[in-house]
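Read in order, the letters of the sequence shown correspond to residues 1005 to 1093 in the numbering used here.
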Amino acid sequence: MRRSRRKRGEAGQAPPEHAPRDWTGLEVGVDVEVQLPNRPAYLGEIDAKSPDSKIVWVISKDGSGRKMYGDWEGVSVYRLDRPRLSVYR
1005 MRRSRRKRGE AGQAPPEHAP RDWTGLEVGV DVEVQLPNRP AYLGEIDAKS PDSKIVWVIS
1065 KDGSGRKMYG DWEGVSVYRL DRPRLSVYR
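See below:
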């Protein structure tokens, strides 16, 4: 049996459809909107982030827990002080 592997771009980079996000401006404690690819957005709070801002941990406001996201996953995280139009779950 052969395992399927996710395709990678050149030199181990993420595929272009999941270009890295810039999360350097997100501070711990900031309220955010998280938009996952092909899923409804949800509200949360930045709980922690890596020193290089490539990974963030978000605690959801709906009680579904804490989740970790990498900047290569195609997830968009927006500060709530910025106006956005979305559908929340």
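Note that beta-carbon positions come from the ideal geometry of N, C-alpha and C, so glycine has one too.
Compute the beta-carbon to beta-carbon distance between residue i and residue j, rounded to the nearest angstrom, for a pair I have assumed lies under 8 Å.
{"i": "residue 1081", "j": "residue 1036", "result": "5 Å"}
Where do the ends of the beta strand (DSSP E) carrying residue i lie?
{"i": "residue 1081", "result": "1080-1083"}
{"i": "residue 1051", "result": "1046-1053"}
{"i": "residue 1037", "result": "1035-1039"}
Who are the near neighbours of residue i in its chain, counting only those whose CB is closer than 8 Å to its CB and skipping five residues on each side?
{"i": "residue 1029", "result": "1083"}
Give the straight-line distance between the Cα atoms of residue i and residue j, rounded to the nearest whole angstrom.
{"i": "residue 1015", "j": "residue 1076", "result": "Unreliable placement is indicated for residue 1015, whose pLDDT of 48 sits below 50; the coordinate value is still reported in the next sentence. When rounded, the distance between both Cα atoms is 14 Å."}
{"i": "residue 1068", "j": "residue 1043", "result": "15 Å"}
{"i": "residue 1085", "j": "residue 1050", "result": "14 Å"}
{"i": "residue 1025", "j": "residue 1058", "result": "8 Å"}
{"i": "residue 1071", "j": "residue 1053", "result": "11 Å"}
Skipping 5 residues on each side, what residues in its chain have a beta carbon closer than 7 Å to that of residue i?
{"i": "residue 1048", "result": "1036, 1038, 1062, 1063, 1064 and 1065"}
{"i": "residue 1040", "result": "1079"}
{"i": "residue 1033", "result": "1049 and 1050"}
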